[in-house]
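As given, the protein sequences belong to chains A and B, one line each in that order.
Sequential numbering of the first sequence, starting at 1, is according to this note's numbering.
Sequential numbering of the second sequence, starting at 1001, is according to this note's numbering.
In this text, a Cβ means the ideal position worked out from N, Cα and C, and glycines have one as well.
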Amino acid sequence: AQSVTQLGSHVSVSEGALVLLRCNYSSSVPPYLFWYVQYPNQGLQLLLKYTTGATLVKGINGFEAEFKKSETSFHLTKPSAHMSDAAEYFCAVSDKGGADGLTFGKGTHLIIQP
Amino acid sequence: GAGVSQSPSNKVTEKGKDVELRCDPISGHTALYWYRQSLGQGLEFLIYFQGNSAPDKSGLPSDRFSAERTGGSVSTLTIQRTQQEDSAVYLCASSVSGTSTDTQYFGPGTRLTVL
């Protein structure tokens, strides 16, 4: 069965600092990987996804993630944090086909310190 | 264009009552998903529709939960005899065709509180 582990339920960074949110997955087949962001009282919005091809994926709002098969990781980064980045971030995997939906990690709450 | 919409946005009910949650997917999306988001369980996948068919209902938490989709569009998630553990945010998503690589677009959710 596929699974996703997000290290750190809360991550705090200063405005302007590097953001690094960690995601490791377990899958029996090459996975498709997603990062979603959830702002308070809103649904989930796709930040970026990895399907095939280039392992460094660029998304919206300056975020990017790198698929590392050898490390079974898909960490999310942003060079310089902005106050508006404060939100809940979810890593998700899909490997058995859309019919199984997405398997999500527990989420990481990103806090931006002024 | 219009995104995924859900109604009601909030629902408070008494234990033992039935509730219906509605999802309007993005027009033209053939795939529709229901998820549940709760503090204890995180985000759980419940059920998937391709058109009007749900190939696998095993993700539904109990036989009190049912879902249907009509006309390849609107979907309703029904919870019968609600229990306090059903309190959660129920999220609906849709995608173009339901493949593994499709982006799922989420609605704002329905917050269900069972007293």
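Annotation: the region 1011 to 1037 of chain B contains the following complete segments of the beta strand (DSSP E) (minimum length 3 residues), in chain order: 1019 to 1024. Assigned with DSSP and collapsed to three states, B/Gln-1084 falls in helix.
Linking B/Thr-1076 to A/Thr-103 through their CA atoms gives a straight-line distance of about 22 Å.
Counting along the chain, the unbroken beta strand (DSSP E) around A/Ser-12 starts and ends at 10 to 14. Assigned with DSSP and collapsed to three states, A/Asn-61 falls in helix. DSSP, read as helix, strand or coil, puts A/Ser-70 in helix. In the three-state reduction of the DSSP assignment, A/Ser-84 falls in the helix class. Spanning the alpha carbons of A/Lys-49 and B/Thr-1099 requires a straight line of approximately 14 Å. Judged by their CB atoms, A/Ser-9 and A/Thr-108 are nearer to each other than the 8 Å cut-off. Taking C-beta separations shorter than 7 Å and ignoring five residues to either side along the sequence, the partners of B/Lys-1057 in its chain run Ile-1047, following chain order. For the region 28 to 53 of chain A, residues whose beta-carbon sits nearer than 9 Å to a beta-carbon of chain B comprise Pro-31, Tyr-32, Phe-34, Tyr-36, Gln-38, Asn-41, Gln-42, Gly-43, Leu-44, Gln-45, Leu-46, Lys-49, Thr-51, Thr-52.
In terms of Cα proximity to A/Tyr-25, the closest of A/Leu-33, A/Val-19, A/Leu-18 is A/Leu-33. Secondary structure note for B/Leu-1112: its beta strand (DSSP E) is the uninterrupted segment 1110 to 1114.
Taking the CA atoms as reference points, B/Val-1089 sits about 23 Å from B/Thr-1070. Nearest Cα to A/Glu-71 within the set A/Leu-46, A/Gln-113, A/Ala-87, A/Ser-27: A/Ser-27. Around the Cβ of A/Leu-18, a 10 Å sphere holds fewer than 16 other Cβ atoms; the residue is exposed.
Checking the DSSP bridge columns, you'll see B/Ser-1005 partnered with B/Asp-1024.
When rounded, the separation of the alpha-carbon atoms in B/Arg-1081 and B/Ala-1054 is 22 Å.
Cβ atoms of B/Ala-1031 and B/Ser-1094 come within 8 Å of each other, at about 6 Å.
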